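In the working numbering, the protein residues as written are 31 to 651.
Here's what the structure looks like:
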């Protein structure tokens with residue numbers, strides 16, 4: 031059944047240019063083979079009509095798929111048609127096609143058309159149709175169109191239509207100039223800057239802390255703010271789990287295994303003496319000897335480094351063992367206190383070595399290391415055991431075993447939790463478990479879940495638990511904290527009002543504490559440590575006035591000191607005004623194009639075929 035297209039017109043302002051050719055070009059450029067209409071049933075040729083212009087099923091399929099591809103790139107994952115429909119892309123695409131068809135219909139009525147030379151020029155400039163040398167390649171042209179199931183004549187007709195429509199768009203959308211008053215008003219608003227003082231308040235600014243509430247006051251606060259003390263909706267999950275951390279304590283690791291691990295990692299447990307060393311290399315022996323002489327005469331080592339155009343980080347070797355230093359190892363390790371040795375010949379040239387610290391040798395005996403090695407080895411053994419049991423557990427699930435069966439037969443832990451958005455303890459802290467729990471439906475068969483610590487789990491959604499108030503006895507600590515925060519905020523606001531009155535009476539803001547001063551800031555700026563409400567207040571105040579700003583637990587007194595109007599004589603601000611004027615002109619052009627497109631649609635008349643649209647949706651995967 032046909033219907034009016036009023037509800038499917040574009041919701042956003044935009045230039046009423048054709049989307050058809052651009053969608054096709056995008057498909058060609060991206061190489062999205064199969065995006066054509068060859069997969070459509072072919073029994074329905076159009077989804078609707080605007081005046082004498084049809085909106086073909088091919089146009090709709092291509093535009094839908096192009097929009098889905100664009101949305102997929104935007105969100106970083108493949109978007110299905112059903113997901114796209116939830117975003118309203120079908121109405122958006124139909125609106126674009128309706129506008130494009132209305133423009134084409136009007137171009138036909140006016141007799142507007144593009145000549146063959148113009149069409150050929152547009153086609154030959156498309157990169158997808160060019161060969162390796164950058165020139166138009168007829169074979170590439172035909173091949174690219176074949177990939178989207180389109181004949182050259184049909185494509186060239188689309189280009190011709192698009193060029194004709196562009197004539198209309200250019201005629202309607204060009205020649206707009208922003209009124210000087212509009213540009214000036216917007217410029218004055220955007221470019222104005224202000225200077226102000228800011229005094230954040232804390233509990234230290236009060237003469238006394240807020241009094242502790244009585245039990246009745248807490249109960250009343252709890253009832254008045256019950257929504258803040260209500261558990262979120264939960265998913266009641268029954269699960270079984272086999273985790274290395276639970277299995278490991280039951281396993282014994284023999285001494286030989288631990289000794290083998292210790293020996294394999296001996297470098298971790300036995301470290302020889304090491305030194306913190308810097309190496310300054312010279313181009314030749316003469317230069318190195320001269321540097322040594324100057325060092326002995328009192329020149330600092332750091333000065334020698336600087337003279338070479340180096341920084342200390344450039345010569346730092348870090349903590350090194352004797353063998354790391356090669357020929358210099360014996361000399362450096364013979365030193366018993368920090369100092370400089372050399373010159374010593376190295377692979378890079380003669381060098382001075384500065385030793386800055388001695389790091390004593392360290393040895394962790396096997397008996398000392400086994401305290402840490404035993405639990406690690408037990409965990410590794412537990413992971414291997416769990417992995418060995420994976421197939422049996424998976425087969426049991428496939429054979430219809432319940433979670434209770436797995437707990438009884440496979441030694442898995444059986445438990446139930448209420449999973450909420452903020453649940454992250456124990457099993458709920460595993461991303462794979464949470465993802466599976468959030469995706470589960472009542473009645474689903476449990477599937478095996480691999481946890482990132484090597485454990486295994488399976489789960490069942492038992493029920494959706496609606497939100498429920500937390501009993502007062504359980505919520506009382508949080509209630510008391512929230513009550514105190516509210517009382518403190520009220521006390522700070524009251525103190526802020528006292529300071530505001532005093533400042534407007536002639537007192538200096540700095541009298542009441544350390545005030546932050548900002549000499550000049552724009553409307554789109556930010557104040558470190560302060561919420562956006564501060565600047566919103568600053569640009570809503572009159573010079574010389576004060577205001578209390580309260581946002582969440584932030585309370586401050588702000589005083590507006592100065593207002594600096596926009597200055598078009600400033601080159602930077604002149605550029606800003608020009609940009610604002612250009613944006614205003616673009617907005618006026620877009621408005622005119624939108625009105626023009628809507629008028630054409632209304633004048634030509636639109637019908638859309640629901641059955642054809644549904645058939646297209648069924649074909650698009």
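The beta-carbon is built from N, C-alpha and C at its ideal position, and this holds for glycine as well.
These numbers come from a predicted model, not from an experiment.
Could you round the C-beta distance between residue 160 and residue 170 to whole angstroms and report it? I think they count as a contact, below 8 Å.
The residue you call residue 160 lines up with position 130 of the chain shown. The residue you call residue 170 lines up with position 140 of the chain shown. That belief holds up - the Cβ atoms of residue 160 and residue 170 are roughly 7 Å apart, short of 8 Å.
If you draw a straight line from the alpha carbon of residue 279 to that of residue 465, how long is it in whole angstroms?
On the chain shown, residue 279 is found 249 positions in, with the first residue counted as 1. On the chain shown, residue 465 is found 435 positions in, with the first residue counted as 1. C-alpha separation (whole angstroms): 29 Å.
Using the C-alpha atoms, what's the distance from residue 336 back to residue 282?
Residue 282 sits at position 252 when you count from the first residue of the chain shown. Residue 336 sits at position 306 when you count from the first residue of the chain shown. Whole-angstrom Cα-Cα distance: 60 Å.
Answer yes if the region 578-590 comes into contact with the region 516-531, meaning at least three C-beta pairs across the two stretches below 8 Å, and no otherwise.
yes
Helix, strand or coil at residue 547 [DSSP, three-state]
Within the chain shown, residue 547 is the residue found at index 517, counting from 1. Residue 547: strand per DSSP, three-state reduction.
Return the chain-ordered ranges of every alpha helix (DSSP H) run that is complete within the region 101-181 and spans a minimum of 4 residues.
111-116, 119-140, 146-154 and 168-177
Quick one: what does DSSP say residue 196 is sitting in, helix, strand or coil?
If you number the chain shown from 1, residue 196 lands on position 166. DSSP places residue 196 in helix when its eight states are reduced to three.
So, is residue 463 buried or exposed, given that buried needs 16 or more other C-beta atoms within 10 angstroms?
The sequence position of residue 463 within the chain shown is 433, counting from 1. With 16 or more other Cβ atoms within 10 Å, it is buried.
If we ignore side chains and look at the alpha-carbon of each, how far apart do residue 42 and residue 187 end up?
By 1-based counting over the chain shown, the position of residue 42 is 12. By 1-based counting over the chain shown, the position of residue 187 is 157. Here the model assigns residue 42 a pLDDT of 37, short of 50, so the residue's position is not dependable, and the following value carries that caveat. The straight-line gap from Cα to Cα measures roughly 28 Å.
Buried or exposed: where does residue 230 fall if 16 or more other Cβ atoms within 10 Å of its Cβ makes it buried?
Translated into the one-based positions of the chain shown, residue 230 becomes position 200. By the 10 Å Cβ count, residue 230 comes out buried.
Closest residue to residue 523 among 588, 601, 348 and 385 (Cα-Cα distance)
On the chain shown, residue 523 is found 493 positions in, with the first residue counted as 1. Of the listed residues, the one whose Cα sits closest to residue 523 is 588.
Distance, Cα to Cα, residue 120 vs residue 441?
Along the chain shown, one-based indexing puts residue 120 at 90. Along the chain shown, one-based indexing puts residue 441 at 411. Between residue 120 and residue 441, the C-alpha separation is close to 52 Å.
Grab me the residues of residue 259's own chain with a C-beta within less than 7 Å of its C-beta, minus the 5 sequence neighbours each way, in chain order.
Taking the first residue of the chain shown as 1, we reach residue 259 at position 229. These residues qualify, in order along the chain: 252, 499, 500, 505, 508 and 509.
Do you know whose CA, among 638, 201, 551 and 271, lies nearest residue 76's CA?
Within the chain shown, the letter at position 46 stands for residue 76. It is 638 whose Cα lies nearest to the Cα of residue 76.
Taking only the alpha-carbon atoms, compute the straight-line gap between residue 519 and residue 596 and give it to the nearest angstrom.
Here residue 519 refers to the residue found at position 489 when the chain shown is read from its first residue. Here residue 596 refers to the residue found at position 566 when the chain shown is read from its first residue. Rounded to whole angstroms, residue 519 to residue 596 spans 37 Å at the Cα level.
Which residue from 407, 600 and 383 puts its Cα closest to that of residue 277?
As a first step, residue 277 is located in the chain shown; it is residue number 247 there, counting from the start. Of 407, 600 and 383, the residue nearest in Cα terms is 407.
On the three-state DSSP scale, how would you describe residue 500?
Counted from its first residue, the chain shown places residue 500 at position 470. Looking at residue 500 - three-state DSSP - the assignment turns out to be coil, as it is neither helix nor strand.
Could you tell me the boundaries of the beta strand (DSSP E) in which residue 459 lies?
Against the chain shown, residue 459 aligns to sequence position 429. Unbroken run through residue 459: none, as it is neither H nor E.
Rounded C-alpha distance that separates residue 544 from residue 214
In the chain shown, counting from the first residue as 1, residue 544 sits at position 514. In the chain shown, counting from the first residue as 1, residue 214 sits at position 184. Spanning the two alpha carbons is a distance of roughly 38 Å.
Going by beta-carbon coordinates alone, are residue 340 and residue 331 separated by less than 8 Å?
Taking the first residue of the chain shown as position 1, residue 340 is located at position 310. Taking the first residue of the chain shown as position 1, residue 331 is located at position 301. Contact: no.
When you compare the CB positions of residue 452 and residue 495, do they come within less than 8 Å of one another, or not?
In the chain shown, the residue the question calls residue 452 occupies position 422. In the chain shown, the residue the question calls residue 495 occupies position 465. Their beta carbons are not under 8 Å apart, which means residue 452 does not touch residue 495 by this criterion.
From the DSSP output, read off the bridge partner residues of residue 594.
Taking the first residue of the chain shown as position 1, residue 594 is located at position 564. For residue 594, which the question treats as bridged, DSSP gives the partners 223.
7 Å Cβ shell around residue 200 - same chain, five flanking residues per side excluded:
In the chain shown, residue 200 corresponds to position 170, counting from 1. Correct list: empty, nothing qualifies.
Using three-state DSSP, classify residue 519 as helix, strand or coil.
Taking the first residue of the chain shown as 1, we reach residue 519 at position 489. If DSSP states are grouped into helix, strand and coil, residue 519 belongs with the helices.
Return the CA-CA distance between residue 455 and residue 228, expressed in angstroms with no decimal places.
As a working note, residue 455 is residue 425 in the chain shown. As a working note, residue 228 is residue 198 in the chain shown. Distance between the alpha carbons of residue 455 and residue 228: 42 Å.
Does residue 76 come out as helix, strand or coil in the three-state DSSP assignment?
Counting from one through the chain shown, the residue named residue 76 turns up at place 46. In the structure shown, residue 76 sits in a strand (DSSP, three-state: E or B).
Can you have a look at residue 112 and say buried or exposed, based on whether 16 or more other CB atoms are within 10 angstroms of its CB?
Taking the first residue of the chain shown as position 1, residue 112 is located at position 82. Burial call: exposed.
Assign residue 383 to one of three DSSP states: helix, strand, or coil.
Numbered from 1 along the chain shown, position 353 holds the residue referred to as residue 383. Here residue 383 sits in strand by DSSP.
Assess contact between the region 369-383 and the region 310-321, defined as three or more Cβ pairs (one per stretch) separated by less than 8 Å. Is contact present?
yes
For residue 308, which beta-bridge partners are listed by DSSP?
On the chain shown, position 278 is the one that residue 308 refers to. In the DSSP output, where bridge partners are listed per residue, residue 308 has 346 and 384.
Residue range of the unbroken beta strand (DSSP E) whose run includes residue 486:
To locate residue 486, count along the chain shown from 1; it is residue 456. Segment 486-495, the beta strand (DSSP E) holding residue 486.
Measuring alpha carbon to alpha carbon, tell me which of 368, 487 and 401 ends up nearest residue 426.
Counting from one through the chain shown, the residue named residue 426 turns up at place 396. Residue 487 is the option with its Cα nearest to residue 426.
Along the chain, where does the beta strand (DSSP E) that runs through residue 371 open and close?
In the chain shown, counting from the first residue as 1, residue 371 sits at position 341. Segment 369-376, the beta strand (DSSP E) holding residue 371.
Rounding to the nearest angstrom, what Cα-Cα distance links residue 262 and residue 619 in this structure?
The count along the chain shown starts at 1 and reaches residue 262 at position 232. The count along the chain shown starts at 1 and reaches residue 619 at position 589. If I take the Cα positions, the gap works out to 49 Å.
Compare the Cα-Cα distances from residue 539 to each of 514, 556 and 591 and report the closest residue.
Residue numbering aside, residue 539 sits at position 509 when the chain shown is read from its first letter. Nearest C-alpha to residue 539: 591.
7 Å Cβ shell around residue 412 - same chain, five flanking residues per side excluded:
Taking the first residue of the chain shown as 1, we reach residue 412 at position 382. Taken in chain order, the residues that qualify are 274, 277, 278 and 281.
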